[in-house]
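Count along the sequence shown starting at 1, add 45, and that's the number in the working numbering. Notes for the one structure printed next.
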Amino acid sequence: MSQSTKSSSPVLAKATMRGRTFRGRQVFVTCCLLAIAIAALVSYWTPLIKLEAGHGVTAGAGREATLAQPPPSAPPVEDDPTADGWDTEAFHLAVQPCLKALKACLLGTLSNDTDLQAVLSKRFTCQPLRPTDLAEVYRDSSFTVRRVPKGRTSQQQLPTESAVGLAAWKNASQGLLGILAGTTDRHVGLKIFTLQRQEQQTLSRAQLELSGQKAGQRLQIKAVWLLRWHSGRVGGQPVLASIGVDDYEETDALSSNGPLFVDRAACAFANSAIYRNQFLVGLDRWLEQIPALAGPVRWGDQGAALGDANGDGLDDLYLCEPASLPNRLFLRQPDGTLHEVSAAAGVDWLNHSRSALFLDLDNDGDQDLAVSLKSALVLAENDGQGKFTLRVRWQSLPDAHSLAAADYDQDGRLDLFACAYHSKDDPSEVYPLPIPYQDATNGGANLLLHNEGAWKFRDVTEQTGLGRENNRWSLAASWEDYDNDGDADLYIANDFGRNQLFRNHGGTFTNVAAEAGVEDVGSGMSVAWGDINHDGWMDIYVSNMFSTAGGRITSQAKFRPGHDRRDRQQFARMAAGNSLFENQADGTFRNVAAEASVQQARWAWGASLVDLNNDSWDDLVVANGFITRKDLHDL
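Right, dumping it as C-alpha cells:
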C-alpha cells in the first residue's frame with residue numbers, strides 16, 4: 046500500500062505501491078483493506094509438483110516441457126504418490142492420523158487415549174514440549190516473549206527421560222497443556238516440512254503453531270518438533286518413536302483491553318452503501334455477474350493509495366478495482382468516516398486497475414495521482430481541492446503491477462518507476478508460463494519515466510541502465526539510499542527467480558544484487574526498507590513464500606533428478622520463506638531472517654517495517670494468506 050510522498054529525505058519519495066501489499070504506515074488503512082481484501086485462488090506449487098512428479102507432461106522436440114491440461118469434463122484426480130514412486134510423500138500421508146491425534150490432544154478434543162496410543166510406539170519417548178529453561182527475551186506494556194536459549198543444538202533437544210509410551214507423552218505435554226488450561230478459541234497447526242528416510246527409521250521436522258485466549262488475553266506458541274518414526278507394528282504403518290523440541294517461542298499479550306489492533310472498517314465506512322453492497326459481498330458474487338472479471342483478475346490483487354487528496358490535512362483513501370467496477374476515492378472526514386467522491390473527482394475509471402500512488406508530480410504542493418490501468422499508465426493533476434484532470438496516458442506499459450517514485454537524478458522533480466509482471470500484450474489472456482520456473486527471464490519490461498516538467502515524461506529505462514536484465518516478472522520495487530552516497534538506489538522483487546538491486550551512479554544504474562548478496566532467488570512479492578539495528582544503514586526485508594509441502598518435496602533426492610545442485614537449491618529456496626538482509630556497511634548484506642525469527646511468515650505478500658509501539662525500533666507487519674475456502678491439499 047502506498048503512502049503520500051511527504052518525506053524528510055530531499056532525494057527519496059518514500060512512496061511505493063503494489064496491489065498485494067500493506068505498505069502504508071497508517072493502521073487506519075490497514076484495517077480498511079483487511080475488511081475488503083480478496084484472497085487469491087490459484088496455487089503456484091500444484092503445477093510445479095505435478096510437473097516434477099511426471100504428471101501431465103508433454104514436450105515436443107527441442108521445446109520446453111509444458112503442462113497438458115485435462116479435458117474440461119474430466120473430474121479432478123488426486124495425486125497418488127505411490128504411483129510416482131514418491132515414498133516420502135506416501136509416508137507423509139500415512140502419518141497424518143498421528144498428527145491428527147496429537148493436534149486433538151493439544152486442542153483438548155481427544156475423547157480418549159485409544160487413538161493416541163495406537164499411533165505411538167510402545168517405546169515412545171518425548172522431551173518436555175514446553176522447555177523448562179525458557180528465557181524472557183522481550184517485554185513491554187503489551188507483550189512478553191519467551192524463547193529457548195540461543196546456542197542449543199537440535200541434538201540437545203532429543204528426549205532423555207525414562208518414561209515410555211503414552212506415559213511419556215503425558216509427562217512431556219503437562220507443561221504445555223498446563224499453560225493452555227482454561228483457554229478458549231484454541232487453534233493448532235502441525236505440519237511436517239522435512240523428511241529423511243533411513244533404513245530403520247524416518248526423521249522429520251514439523252512446525253507447530255498453537256494459540257488460545259483466556260481472560261481477554263492471547264497466548265501464542267511457535268515451535269519446531271523433531272519427529273522420529275518407526276515402521277510400526279502392523280502392515281508397516283508408521284508409529285511415532287520420539288519427539289524432540291528444536292525451537293520454541295511463546296508470546297503473552299499482557300493487555301486486558303483486548304487486541305492491539307481492531308478492525309474499524311465498518312466504522313470508517315458507516316455512511317457508505319458501496320462498502321455494504323460491493324465490498325462485503327466478495328469477488329465470487331461479481332464473477333458470476335460480470336464476464337470481464339473472469340481470468341487473471343480473480344487474483345484480487347488490486348491496490349490502494351493513501352494521500353491528502355483535497356488538502357485538508359487528513360489522509361484520504363484511493364482504491365483500485367477490478368474491470369467493470371469503478372475505482373474509488375474516499376475522502377476522510379473529521380469524525381473518521383469516509384465519504385466517496387470518485388465520480389466528482391474524475392478518478393472513477395472502469396478499466397481493471399492494479400496499483401496507485403499519490404505524489405506531487407508538478408511541484409505545486411498538492412498530491413497528484415498515478416494509476417496503473419490494464420490499458421495504460423495514467424497520470425492525473427490535482428487542482429489542490431481534490432479534482433483531478435488526466436494529463437498523461439502512457440499506453441506502452443499497460444497493467445503495471447506496482448509503482449515507486451523518487452527523484453533519482455536529483456533535478457528536483459519526482460520520477461516514476463513501474464513494474465511489469467508478464468510480457469503479454471493482452472493481460473486478459475492467461476499468463477504465459479515462466480521459463481525457467483526458478484529463474485524466469487520471459488517476464489515483462491519495467492519502465493522508468495523521467496519527469497521533464499510541465500507534465501512531460503520520457504522513457505529513460507535503457508539509457509539509465511535499467512533496461513539490462515529487464516525481463517524478470519517484477520512485482521514490487523522500492524527506492525532507498527542503501528550505500529549512503531546521497532542518491533536513490535532501487536531494489537526490485539521479482540517472482541520466479543532472482544531479485545535485483547540497482548545501485549545509482551549519478552543517474553545511471555548497475556545491478557549489484559549478486560555481489561551484494563541480495564539476489565534472493567524465490568517468489569519475490571514485496572520489499573521494505575528500514576534500519577533494523579539503528580546503525581545508520583538501511584536494511585531490506587523481502588516477502589516470499591513459505592510452504593511446508595514445497596520444502597518437504599524439494600529436499601528429496603527424487604526431486605529434479607539429473608539436475609545440478611544449484612538448480613535444486615534454487616527450487617528449495619522458493620519455498621523457504623522471507624529474507625531480512627542486514628546492511629554490512631561495505632556494499633554487502635547478510636540474511637538474518639532465521640536468527641531474527643522472521644523467515645516463516647506463511648504465504649507472504651507484502652510487508653512494512655514500521656514503529657508500531659513508538660519505541661524508535663522498526664517493527665514488522667506482514668500480510669499473508671492464500672486460499673480462503675476449504676482446501677484438502679497441503680499447500
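C-beta: ideal position from N, C-alpha, C; glycine also. Since the structure is predicted, the reported quantities are computational estimates derived from the model, not experimental observations.
Please look up how many angstroms separate the CB atoms of Gly562 and Arg635, rounded, as I've assumed it's under 8 Å. Position 517 of the sequence shown, counted from the first residue, corresponds to residue 562. Position 590 of the sequence shown, counted from the first residue, corresponds to residue 635. Contact flag correct, Cβ pair sits at about 7 Å.
Return the bridge partner residues of Asp584 from the DSSP annotation. For the purposes of this step, residue 584 is taken as the residue at position 539 of the sequence shown. DSSP output for Asp584 lists Gly575 as bridge partner(s).
Going by other Cβ atoms of all chains shown within 10 Å of its Cβ, with 16 needed for buried, is Thr75 buried or exposed? Here residue 75 is taken as the residue at index 30 of the sequence shown, counted from 1. A caution first: Thr75 carries a pLDDT of 37, below 50, which makes its placement in the model unreliable, though a value can still be read off. It is buried - the Cβ of Thr75 has at least 16 other Cβ atoms within 10 Å.
For Cys312, the first and last residue of its enclosing alpha helix (DSSP H): To locate residue 312, count along the sequence shown from 1; it is residue 267. Ala310 to Ala313 is the span of the alpha helix (DSSP H), which, as asked, contains Cys312.
In this structure, what does DSSP give as the bridge partners for Lys267? Taking the sequence shown and counting its residues from 1, the one referred to as residue 267 is at position 222. DSSP, once it has assigned bridges, lists Glu254 and Glu294 as partnering Lys267.
Is it the case that the Cβ atoms of Leu406 and Leu395 are separated by a distance below 9 Å? Start at 1 with the first residue of the sequence shown, and residue 406 comes out as number 361. Start at 1 with the first residue of the sequence shown, and residue 395 comes out as number 350. Not a contact, by the Cβ cut-off of 9 Å.
In terms of DSSP beta bridges, what is Asp534 paired with? Numbered from its first residue, the sequence shown carries residue 534 at position 489. Paired residue(s): Glu525.
If I follow the unbroken alpha helix (DSSP H) through Gly352, where does it start and stop? Within the sequence shown, numbered from 1, the residue matching residue 352 stands at position 307. Element bounds for Gly352: not the alpha helix (DSSP H) but the beta strand (DSSP E), Ala349 to Gly352.
Contact defined as beta carbons within less than 8 Å: I believe Asp361 pairs with Gly352. What is the distance between those atoms, to the nearest angstrom? Mapped onto the sequence shown, residue 361 falls at position 316. Mapped onto the sequence shown, residue 352 falls at position 307. Right, the Cβ-Cβ distance comes to about 6 Å (below 8 Å), so this counts as a contact.
Taking the alpha helix (DSSP H) that Gln141 falls in, what are its first and last residues? Here residue 141 refers to the residue found at position 96 when the sequence shown is read from its first residue. Looking at the DSSP string, the run of the alpha helix (DSSP H) that includes Gln141 is Gln141 to Leu152.
Cβ shell of Gly105 (< 7 Å), same chain only, five flanking positions each side left out: Locating residue 105 in the sequence shown gives position 60, where the first residue counts as 1. For Gly105, the predicted structure reports a pLDDT of 32, less than 50, and the residue's modelled location is therefore unreliable. A value from the coordinates is still provided. Within the same chain, Gly105 has no close Cβ partners at all.
What's the call for Ala180, buried or exposed, on a 16-neighbour Cβ count within 10 Å? On the sequence shown, position 135 is the one that residue 180 refers to. Its Cβ having fewer than 16 others within 10 Å, Ala180 is exposed.
Compare the beta carbon distance of Gly234 and Leu255 with 9 Å and say whether it is the shorter of the two. Here the question's residue 234 lines up with position 189 in the sequence shown. Here the question's residue 255 lines up with position 210 in the sequence shown. Yes, these two residues count as a Cβ contact at 9 Å.
Residue closest to Leu404, alpha-carbon to alpha-carbon, out of Ala450, Trp439, Glu385 and Arg377: Locating residue 404 in the sequence shown gives position 359, where the first residue counts as 1. Comparing Cα positions, the closest option is Ala450.
Looking at the unbroken beta strand (DSSP E) that takes in Gly651, where does it start and where does it end? What you label residue 651 is simply residue 606 of the sequence shown in a count that begins at 1. Looking at the DSSP string, the run of the beta strand (DSSP E) that includes Gly651 is Ala649 to Val655.
Just the Cα atoms here: how many angstroms apart are Gln601 and Gln614? Locating residue 601 in the sequence shown gives position 556, counting from the first residue. Locating residue 614 in the sequence shown gives position 569, counting from the first residue. Looking at the two C-alpha atoms, the distance is approximately 11 Å.
How about Pro173 and Ala208: do their beta carbons lie closer than 9 Å? Reading the sequence shown from its first residue, position 128 is the one you call residue 173. Reading the sequence shown from its first residue, position 163 is the one you call residue 208. Not closer than 9 Å, so no.
Check each candidate in Ala630, Asp664 and Asp656 and name the one with the smallest Cα separation from Val643. As a first step, residue 643 is located in the sequence shown; it is residue number 598 there, counting from the start. The candidate whose alpha carbon is nearest that of Val643 is Asp664.
Cβ pair Arg373, Leu364 closer than 9 Å: The count along the sequence shown starts at 1 and reaches residue 373 at position 328. The count along the sequence shown starts at 1 and reaches residue 364 at position 319. Leu364 is positioned such that its CB atom lies closer than 9 Å to that of Arg373.
Inter-residue CB distance, Ser398 and Leu418 (contact presumed, cutoff 8 Å): The count along the sequence shown starts at 1 and reaches residue 398 at position 353. The count along the sequence shown starts at 1 and reaches residue 418 at position 373. With 8 Å as the limit, Ser398 and Leu418 qualify as a contact, their Cβ atoms being about 5 Å apart.
When you compare only the Cα positions, how much space is there between Val416 and Ala401? For the purposes of this step, residue 416 is taken as residue 371 along the sequence shown, with counting starting at 1. For the purposes of this step, residue 401 is taken as residue 356 along the sequence shown, with counting starting at 1. Taking the straight line joining both Cα atoms gives about 4 Å.
Name, in chain order, the residues that DSSP records as bridge partners for Asp460. Taking the sequence shown and counting its residues from 1, one reaches residue 460 at position 415. Beta-bridge pairing links Asp460 to Ala451.
Hey, Phe188 and Asp297 are a contact pair by Cβ (cut 8 Å); roughly how many whole angstroms apart? The sequence position of residue 188 within the sequence shown is 143, counting from 1. The sequence position of residue 297 within the sequence shown is 252, counting from 1. Indeed they touch by this definition, with Cβ atoms about 7 Å apart.
Those residues which DSSP pairs with Ala668 across a bridge: Here residue 668 refers to the residue found at position 623 of the sequence shown. In DSSP, Ala668 forms a bridge with Gly651.
Starting from Asp230, follow the beta strand (DSSP E) in both directions and report where the run begins and ends. On the sequence shown, residue 230 is found 185 positions in, with the first residue counted as 1. It spans Thr229 to Arg242 - the beta strand (DSSP E) in which Asp230 sits, taken as one unbroken run.
Curious, which full-length beta strand (DSSP E) runs of at least 3 residues does the segment 405-453 contain? Entirely contained in the segment 405-453, the beta strand (DSSP E) runs reaching 3 residues are, in chain order, 413-418, 422-427, 433-439 and 447-451.
Mark Glu507 as exposed unless 16 or more other C-beta atoms lie within 10 angstroms of its C-beta, in which case mark it buried. In the sequence shown, counting from the first residue as 1, residue 507 sits at position 462. It is exposed - the Cβ of Glu507 has fewer than 16 other Cβ atoms within 10 Å.
Segment limits, beta strand (DSSP E) that includes Gln162: Here residue 162 corresponds to residue number 117 of the sequence shown, with the count starting at 1. Taken as a continuous stretch (DSSP letters only), Gln162 belongs to no beta strand (DSSP E), being part of the alpha helix (DSSP H) at Thr159 to Val164.
Going by the CB atoms, is the gap between Glu294 and Arg184 shorter than 9 Å? Counting from 1 along the sequence shown, the entry for residue 184 is found at position 139. Counting from 1 along the sequence shown, the entry for residue 294 is found at position 249. Contact flag unset, no.
Residue range of the alpha helix (DSSP H) that includes Glu560: As a first step, residue 560 is located in the sequence shown; it is residue number 515 there, counting from the start. It spans Ala558 to Ala561 - the alpha helix (DSSP H) in which Glu560 sits, taken as one unbroken run.
Pairs of beta-carbons, one from the segment 546-556 and one from the segment 588-606, closer than 8 Å: are there three or more? Counting Cβ pairs under 8 Å, fewer than three are found: no touch.
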